[in-house]
Amino acid sequence: MLIVDSSVWIEILKDSEKGQKAVEIIGGDPVFTAAISLAEISHWCFRYSQKTDEFLSLIILRTNDILQSNRVTEKRAGQLRFELNQNIANNEKQVGLVDCLIMALAEESGLAILTTDKHFLKFSGRTVLL
142 MLIVDSSVWI EILKDSEKGQ KAVEIIGGDP VFTAAISLAE ISHWCFRYSQ
192 KTDEFLSLII LRTNDILQSN RVTEKRAGQL RFELNQNIAN NEKQVGLVDC
242 LIMALAEESG LAILTTDKHF LKFSGRTVLL
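Listed below in structure tokens is the structure:
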């Protein structure tokens, strides 16, 4: 079972090669989406003049559950952000708080993360990179 990151949902919505590969990986398996990912996808839709309501509805229909954070998850996300960025070089991109929240949700739920973002590989949990 997987948490599908917003980067993958966007590839699926664009019907790109990566999106098609993601659909194959997902198959008929249960998938989950972090609530914060819906905000990221909404932002992408507005930025690129896409059908926001239609795309969000498609994702919600395909998702078995939208994962919400709680105080424990949010505390862990802050800890992950600190730990993952602690020894980062000045020119290296930091792992953002939203992605750390997704990592914390994955850890809490025992799920792997399906993503296109390489910085998720820094996370000790399971990451499936497209």
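Position 43 (the sequence shown) corresponds to 184 in our numbering; numbering is contiguous.
Don't be surprised by glycine CBs; every beta carbon is placed ideally from N, CA and C.
Near residue i, what residues of its chain come up, given a Cβ to Cβ distance below 6 Å and the 5 sequence neighbours on each side ignored?
{"i": "Glu165", "result": "none"}
{"i": "Trp150", "result": "Ile182 and Ile200"}
Going along the chain, which residues of its own chain have a beta-carbon closer than 8 Å to the beta-carbon of residue i, five neighbours each way excluded?
{"i": "Lys192", "result": "Cys186"}
{"i": "Arg203", "result": "Val172"}
To which residues does DSSP link residue i through a beta bridge?
{"i": "Ile144", "result": "Phe173 and Ile254"}
{"i": "Thr268", "result": "Ile254"}
Please state the DSSP three-state secondary structure of residue i.
{"i": "Ile88", "result": "One cannot answer for residue 88 here, as it falls past the ends of the chain, which runs 142 to 271."}
{"i": "Asp240", "result": "helix"}
Counting C-beta neighbours from all protein chains within 10 Å, is the total for residue i 16 or more, i.e. buried, or is it exposed?
{"i": "Met244", "result": "buried"}
{"i": "Arg196", "result": "Here the sequence assigns Phe to residue 196, which means Arg is not the residue at that position. The residue in question, Phe196, is buried, as its Cβ has 16 or more Cβ neighbours within 10 Å."}
{"i": "Glu233", "result": "exposed"}
Grab me the residues of residue i's own chain with a C-beta within less than 7 Å of its C-beta, minus the 5 sequence neighbours each way, in chain order.
{"i": "Leu246", "result": "Ile144, Ala175, Leu208, Ser210 and Thr214"}
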